[in-house]
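Notes to accompany the following structure.
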DNA sequence: ATTAATTTTGCTCCCGCGTGCAAACGGCTA
DNA sequence: TAGCCGTTTGCACGCGGGAGCAAAATTAAT
């Protein structure tokens, strides 16, 4: 009795079963589930009904295997301490799914793990890899591209010098100049730049740009502090260590932070450990405009990345068959609030 | 010249190619890439070398198709405004990957979308589905199970009455009683419970438990306020509306929040909009122990879920072939800080 | 050395669906 | 009604690898 297992576990209902039920061939059934298929409305309806009754769902593994397009993209992420990651993930996953892409999420533990993560992805034959981590420097990318099994390798929200890579990011240089100008205009004169991890070549140009620009235009050389990860707690520790005990005159008048994660950590410490007021004693700027930045507690002056536009562009790139240079920089927006 | 495309795009190097290169059969090659395979160390080495040279990586789609085990689990998430989600995702993805599970991430937009999300997952023939959202009430689950294509449906960090579902969660009842007792011991007498969305049947027993327990043991009936999502900003708005303008005597002396997301939003508003001190004017407790809870700014008294233990248990459940009742409640831990 | 017990290898037959083409169908005109 | 042309349908074959067994190669036992 081979017909009796329907009720038990619907796992093995295949297009053949539906074909028999609907009185058409298997290929007609498959066609009914592809959007570009040439099929009469009559048989489409028959297939629909039969499939419904049997609980048939096409097997994308087989489809992918046969067609060599998986409609799967890998999303490689590290840096889970940064609240901005949640926002990026939400935006990306929503838009990717809307366009029919499924997402393989890979938590990349550390820099050495990146290779394994890429291997993971290639075993599933993903159509593209999206990197939104901090550990993917040019060296890692080269290794990845060496064993290239993906048609596209996209660095999201970060630039890369690697020519085989597609980078979709905000224009850091422009942004930092705008921030530098704003900071100076508001009368701040002794900025301290709070930077993230100084990994080999993760091209976040914010630190360099700000410092160079400030030196060239406003004379003095800003101090820089570096945190080993974009983790508010870590950032707080570094800031506390660096500033505690300094006389008022030796304190910076503003902390320019590489992103909001650092800015938030710094804010907490400045208020609650150093007992200083923001912005009266020390002002702060961030970068990213995470949700909390707008909240009553931080009211952080920061720079908003146009994440939706960037994600929309990303899916366009994914859908494109051309082989041109897709790198693109987006312009963000300075969000002036109360912290600076 | 069929041998010349190696350099171009390594996408189509198959076990056959490696077999030819290594001088063995295709099946030996495949065996070399399976951990349980019976293969001589000699040929394993030959295959390793050949595979390395050709850049061969086994195709998991094909493997999955042939073996009917995909080693893929779907992770369905909504509620991206809750910072705790990031922590859960980090913990889950790390441990799942360590155990060899790949993850299909599905952002479930709204309740009606849950069905599509499940469909998504079943098309990839995932071995299990993990739900860590708030929209997956019993009705949605029933629909999901009706078209059951997954061997396991796991609700993480939330209980469910559905018997066909595996729920791995913290013991809310025990936890809330502990919190209630603590709150009372510390001398608070007019608690306000700040609850999340009151969806049909998402069994988070925190609200009921606290209110019932308090009424029975300490006499009065606590007020309850409900927020439409676990979103700090939303929570802040609700709290401000409810408390602004009340005379001091009509204010609660403590806000017991269903989770930290709400507690954080409430904290910000109480301090910065209502101008009250925490815990002197109003105390606050949370639930989850998100990273920020420990930070200098919030110092939130909250309840820590043993996420790592829960995730470890989850992978054990995934690996198990038995068909018994895997539901399990974990005991968490009250983290006493300064907010209450 | 010879036979029996094991391990290793090769092989046939699938897994479920897409590709590309040929056959069948339908509608329309003359 | 025959003749044409465009649309639907069916089909052989392939995608890359797993299960399970039989043949071959080792190893152990007598």
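Residue numbers (my numbering), protein chains in the order written: chain E, 267 to 606; chain Z, 267 to 606. Even for Gly, the Cβ is constructed at its ideal location relative to N, Cα and C.
Residue i - DSSP class collapsed to helix/strand/coil
| i | result |
| --- | --- |
| residue 373(Z) | strand |
| residue 342(Z) | strand |
| residue 460(E) | strand |
| residue 396(Z) | strand |
| residue 361(Z) | helix |
| residue 594(E) | strand |
| residue 539(Z) | coil |
| residue 419(Z) | strand |
| residue 288(Z) | helix |
| residue 606(Z) | coil |
| residue 433(Z) | strand |
| residue 600(E) | strand |
| residue 379(Z) | helix |
| residue 281(Z) | helix |
| residue 368(E) | strand |
| residue 303(E) | coil |
| residue 406(Z) | helix |
| residue 347(Z) | coil |
| residue 425(Z) | coil |
| residue 586(E) | coil |
| residue 386(E) | helix |
| residue 336(Z) | coil |
| residue 325(Z) | coil |
| residue 471(Z) | coil |
| residue 448(E) | helix |
Distance CB(residue i)-CB(residue j) smaller than 7 Å
| i | j | result |
| --- | --- | --- |
| residue 331(Z) | residue 328(E) | yes |
| residue 630(Z) | residue 348(Z) | Residue numbering for chain Z in the displayed model covers 267 to 606; residue 630(Z) lies beyond these limits and cannot be assessed. |
| residue 545(Z) | residue 494(Z) | no |
| residue 435(E) | residue 423(E) | yes |
| residue 568(E) | residue 553(E) | yes |
| residue 570(Z) | residue 555(Z) | yes |
| residue 535(Z) | residue 505(Z) | yes |
| residue 460(Z) | residue 528(Z) | yes |
| residue 502(E) | residue 541(E) | no |
| residue 539(E) | residue 562(Z) | yes |
| residue 361(E) | residue 320(E) | no |
| residue 487(Z) | residue 481(Z) | yes |
| residue 400(Z) | residue 345(Z) | yes |
| residue 281(E) | residue 290(E) | no |
| residue 600(Z) | residue 518(Z) | no |
| residue 491(E) | residue 508(E) | yes |
| residue 419(Z) | residue 370(Z) | no |
| residue 313(E) | residue 303(E) | no |
Residue i burial status per 10 Å Cβ neighbour count (16 or more: buried)
| i | result |
| --- | --- |
| residue 602(E) | exposed |
| residue 391(Z) | buried |
| residue 293(E) | exposed |
| residue 388(E) | buried |
| residue 409(E) | exposed |
| residue 357(Z) | buried |
| residue 427(E) | exposed |
| residue 403(E) | buried |
| residue 472(E) | buried |
| residue 588(Z) | exposed |
| residue 307(E) | exposed |
| residue 378(E) | exposed |
Cβ-heavy atom distance, residue i to the ligand COA, below 6 Å
| i | result |
| --- | --- |
| residue 459(E) | This structure lacks the ligand COA; in fact it carries no ligand of any kind. |
Length-filtered (3 minimum) beta strand (DSSP E) runs lying within the stretch 476 to 534 of chain Z: 489 to 492, 520 to 523
Please specify which runs of the alpha helix (DSSP H), each continuous and at least 4 residues long, are wholly inside the stretch 542 to 582 of chain Z, giving them in chain order. If only complete runs of 4 or more residues are kept, the stretch 542 to 582 of chain Z shows the alpha helix (DSSP H) at 557 to 560, in order along the chain.
Residues of the stretch 480 to 505 of chain Z in Cβ contact with chain E at a cutoff of 7 Å, in chain order, please. 498, 499, 502
Relative to chain Z, which residues along the stretch 365 to 376 of chain E have a C-beta separation below 8 Å, given in chain order? 368, 369, 370, 371, 372, 373, 375
Using a beta-carbon distance cut-off of less than 9 Å, what residues from the stretch 514 to 543 of chain Z approach chain E? 530, 531, 533, 534, 535, 537, 538, 539
Chain E contacts from the stretch 389 to 404 of chain Z (Cβ-Cβ distance under 9 Å): 389, 390, 391
Please list the residues of the stretch 426 to 460 of chain E that have a C-beta atom closer than 9 Å to any C-beta atom in chain Z, keeping them in chain order. Taking 9 Å as the Cβ-Cβ cut-off against chain Z, none of the residues of the stretch 426 to 460 of chain E qualify.
Determine which residues of the stretch 558 to 587 of chain E have a Cβ less than 9 Å from any Cβ of chain Z, and write them out in chain order. 558, 560, 561, 562, 563, 564, 565
Looking at chain Z, which residues of the stretch 313 to 330 of chain E have a Cβ within less than 8 Å of any of its Cβ atoms? 321, 323, 324, 325, 326, 327, 328, 330
Residues of the stretch 542 to 556 of chain E with a CB closer than 7 Å to any CB of chain Z: list them in chain order, please. none
Where the stretch 346 to 366 of chain E meets chain Z: residues whose CB sits under 8 Å from a CB there: Taking 8 Å as the cut-off between beta carbons, the residues of the stretch 346 to 366 of chain E near chain Z are 346, 347, 349, 351, 352, 353, 355, 356, 359, 360, 363, in sequence order.
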